[in-house]
Amino acid sequence: MYGADSVNDDDSERTAFRKAEKKYRLYYDHSTKSSKRKKQPRPVDLSEVIDFKSVLDSFNRNNELPPGISVLQRDFNQPVFCLENRPGFYFIPGVLSIEEQCQWIKESLTSFPQPPNRTNHNAIYGPIHDLFIAAKERKVFVEEESLSTGLDCNSNFPSGDVNASRWKFSEGSDVLSRGDTRKSVSATVLLRKLRWSTLGLQFEWSKRNYDVSLPHNKIPHGLCQLAKKMAAPAMPLGEEFQPEAAIVNYFGLGDTLGGHLDDMEADWSKPIVSMSLGCKAIFLLGGKSRQDTPFAIFLRSGDVVLMAGEARECFHGVPRIFTDEENAEIIHLEQQFSCEDDLCFLEYIRNSRININIRQVF
Ligand SMILES: O=C(O)CCC(=O)C(=O)O
452 MYGADSVNDD
462 DSERTAFRKA
472 EKKYRLYYDH
482 STKSSKRKKQ
492 PRPVDLSEVI
502 DFKSVLDSFN
512 RNNELPPGIS
522 VLQRDFNQPV
532 FCLENRPGFY
542 FIPGVLSIEE
552 QCQWIKESLT
562 SFPQPPNRTN
572 HNAIYGPIHD
582 LFIAAKERKV
592 FVEEESLSTG
602 LDCNSNFPSG
612 DVNASRWKFS
622 EGSDVLSRGD
632 TRKSVSATVL
642 LRKLRWSTLG
652 LQFEWSKRNY
662 DVSLPHNKIP
672 HGLCQLAKKM
682 AAPAMPLGEE
692 FQPEAAIVNY
702 FGLGDTLGGH
712 LDDMEADWSK
722 PIVSMSLGCK
732 AIFLLGGKSR
742 QDTPFAIFLR
752 SGDVVLMAGE
762 ARECFHGVPR
772 IFTDEENAEI
782 IHLEQQFSCE
792 DDLCFLEYIR
802 NSRININIRQ
812 VF
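Here it is as structure tokens:
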């Protein structure tokens, strides 16, 4: 599902969804003007991308909506837009306050990847504590020699965590000065390669289901409250959303989320609540077949998407994030994260996007 590298060209145009992914993903042109080859992002035609920020502006100004877009007639404190051809898909532009965006960016980097929550790094390194702090302190993750032989890895750790505890953060200078031959990786690289963490009930990617036997903490109360509020427009009348699991996706420049369905939850009448934080992205919302031409939609920091009912059967993915100043649209975050203590968050989010999607599993 995840990818940061090239699409196999033979496959790339096999379906309408693939074709759209190829159209929007980041490619580089190599300029040979100077002796040094310089990578330039290939320009992409964004004229067909639906921009719900503009839709909201014109709706607020003169009550007008473009063809194919309607507004949900339900009590919510701001307009909720729907795509007439994709029932069950809802878009709430810019609904998260700047303070909420900053809070959840911070949590996504500090507390959400903490064990027992799992991340994509578990399978290789075991549980990692305090990765963000280690990256801030320029630490290096080192494989401990003393434990690397004769350890019955399988006995101590849950599945997928077989290498746990063999790795430890060290001061970067210690490792370098000793001409150390142990395997090592800088915390900064690990942070850049953090692609997901899971909250609440833990999702087992290899089996594509929730493994309720895995140790887990409840989703934090504040996030539950926010998700319940955001889910309300898409909930069956009189019912309240029960957040039980969440996946946090982390995107750096060139990272993509390939077209997929979220079909592992029991009751599709309940929405997935999906929040965007950080750099702007393109979201592709296809149909029930990969052959259906997807809608391309901008996602900005503070936007919330709800997918319920029939929309749960629609392929979707993220082929592109924008990190350049003009397109990333994170000036408000730059202002909010300007104090000394927050610069580490700013450094990360300037080149990244975070998505938190919250689910009711049962
Ligand atoms: O990053 C996004 O906005 C979409 C995330 C998503 O589709 C997923 O995690 O299933």
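So the number in this note's numbering is just where the residue sits in the sequence shown, counting from 1, plus 451. Beta carbons: idealized from backbone N, C-alpha and C, even for Gly. Remember, predicted model here, so these are calculated numbers, not experimental data.
Between the CA atoms of residue j and residue i - distance to the nearest angstrom
i: S559; j: K490; result: 31 Å
i: D631; j: Q786; result: 41 Å
i: L735; j: I723; result: 16 Å
i: P578; j: P567; result: 8 Å
i: Q524; j: L641; result: 45 Å
i: D793; j: S740; result: 44 Å
i: I782; j: S664; result: 43 Å
i: L507; j: G753; result: 14 Å
i: S505; j: L534; result: 15 Å
i: A779; j: T466; result: 29 Å
i: F503; j: Y576; result: 41 Å
i: P666; j: V699; result: 18 Å
i: H580; j: V591; result: 13 Å
i: K721; j: E551; result: 23 Å
i: S610; j: V593; result: With a pLDDT of only 43 at S610, under 50, the local geometry of the prediction cannot be trusted, and the value read off the model is given with reservation. Taking the straight line joining both Cα atoms gives about 22 Å.
i: F817; j: Q565; result: A query on residue 817 cannot be resolved here, the shown segment of the chain reaching from 452 to 813 and no further.
i: K669; j: L728; result: 22 Å
i: G738; j: A471; result: 13 Å
Neighbour-count burial assignment, residue i, 16 or more Cβ in a 10 Å radius
i: A717; result: exposed
i: P494; result: exposed
i: D714; result: exposed
i: S606; result: Because the pLDDT at S606 is just 34, under 50, the model does not fix this residue reliably, and the value given afterwards should be weighed accordingly. So S606 counts as exposed.
i: K619; result: exposed
i: F563; result: buried
i: N528; result: exposed
i: E777; result: exposed
Start and end residues, alpha helix (DSSP H) containing residue i
i: I579; result: Per DSSP, I579 belongs to no alpha helix (DSSP H) and is neither H nor E.
i: E785; result: 782 to 787
i: S509; result: 503 to 513
i: V640; result: 638 to 643
i: A717; result: From DSSP, A717 is part of no alpha helix (DSSP H); its letter is neither H nor E.
i: E791; result: Neither: E791 is in no alpha helix (DSSP H) and is coded neither H nor E.
i: E776; result: 776 to 779
Simplified DSSP state of residue i, which is helix, strand or coil
i: V812; result: coil
i: V531; result: coil
i: G729; result: strand
i: G760; result: helix
i: R820; result: Outside the displayed range of the chain (452 to 813) lies residue 820, so it cannot be described from this structure.
i: I800; result: helix
i: V593; result: strand
i: Y701; result: strand
i: Y478; result: coil
i: L497; result: coil
i: E588; result: coil
i: S624; result: helix
Residue interval of the beta strand (DSSP E) (run including residue i)
i: K489; result: 489 to 492
i: S648; result: 647 to 651
i: S620; result: A small fix is needed here, since residue 620 is Phe in this sequence, not Ser. Per DSSP, F620 belongs to the beta strand (DSSP E) from 618 to 621.
i: E464; result: No beta strand (DSSP E) holds E464; DSSP gives it neither H nor E.
i: S521; result: 520 to 522
i: P770; result: 767 to 772
i: L516; result: That residue, L516, is in no beta strand (DSSP E); it is neither H nor E in DSSP.
Cβ of residue i within 8 Å of any chain B Cβ
i: G710; result: This model lacks chain B altogether; it includes just one protein chain.
Unbroken stretches of the alpha helix (DSSP H), 4 residues or longer, contained in the stretch 657 to 697 | Taken in chain order, the complete alpha helix (DSSP H) segments of 4 residues or longer contained in the stretch 657 to 697 are 672 to 682.
Write down every uninterrupted run of the alpha helix (DSSP H) in the stretch 536 to 567 whose length is 4 residues or greater and which is fully enclosed by it, in chain order.
-> Complete alpha helix (DSSP H) runs here, min 4: 549 to 560.
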